[in-house]
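**Student:** Under mature numbering (1 follows the signal peptide of the UniProt record, and there is no 0), read the sequence shown as residues -19 to -1, 1 to 150, first letter to last. For reference, the structure I am asking about is given below.
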Amino acid sequence: MDVDKILFLLLSLFTSVSTSQFPSSITVQEWVQQMQTDLVSLIEAESGAQDLIKIFHYYRKHFTVEHNNAQELVTSAASNIEKLLLSRSRALKNLATAAEELQMRHQWQDEFEEGDMLYYNAKDDNESDTDFSKHRLKPDFKEDSAFKRMVSFNHTAVHIPTDIYEGCK
């Protein structure tokens, strides 16, 4: 085995003892064999390979092992994903079209005057800002143990990105 030769070479290079004190080749060979045996048993014990074999045989009736064509599997998966995305794209287009048609048919009424609507701006500093605009709400937040934060049960909110809302003034 090549390991024997490598070990012998390493031992001969790194030792400064005379050849009369150097172990015999038979002793070195025994060491190598023992190291090899120890290494193999360590790998078998720690890798769990024997346990995997036992598990495989124990559960063998619950599964099958079959050969497959990886290219065919990838092609099939890609096709299925493409169909799914196409279906979602069509559904989104249908929703957008329906929403646009409903908006065009809706009879808008100008029953609200400017200033009739109140809103809460989450970017306001509720602790220190006392000069709220007359059109802004200041909800009464209370600590809630279920949410583990401050909440208001008297108001609800819809998230509108502030860069869009504030940018349309």
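Glycine included, each C-beta is placed from N, C-alpha and C at the ideal position. All values derive from a computational prediction rather than experimental measurement.
Please return the same chain residues whose Cβ sits closer than 6 Å to the Cβ of Leu65, not counting the five positions on each side in sequence.
**Tutor:** Counting only Cβ-Cβ distances below 6 Å, and skipping sequence neighbours, we find nothing.
**Student:** Is DSSP giving Lys129 helix, strand or coil here?
**Tutor:** Residue state, collapsed to three classes: coil.
**Student:** Taking only runs of the alpha helix (DSSP H) that begin and end inside the segment 24 to 49, which ones reach a length of at least 4 residues, in chain order?
**Tutor:** With a minimum length of 4 residues, the continuous alpha helix (DSSP H) runs that stay inside the segment 24 to 49 are 30 to 39.
**Student:** Let's see if you can read the secondary structure: which residues bound the alpha helix (DSSP H) around Glu82?
**Tutor:** Run containing Glu82: Ala51 to Arg86, per the alpha helix (DSSP H) assignment.
**Student:** Output needed for Glu63: all residues of its chain with C-beta closer than 7 Å, excluding positions within five of it in sequence on either side, in chain order.
**Tutor:** None.
**Student:** Measure the alpha-carbon distance for Tyr40 versus Val21 and round it to whole angstroms.
**Tutor:** If I take the Cα positions, the gap works out to 27 Å.
**Student:** In angstroms, rounded to a whole number, what distance separates the CA positions of Asn49 and Val55?
**Tutor:** Approximately 11 Å, taken between the alpha carbons.
**Student:** Got a sec? Which residues, its chain only, sit under 8 Å from Gln52 by beta carbon, not counting five neighbours each side?
**Tutor:** Cβ neighbours of Gln52 beyond the five flanking positions: none.
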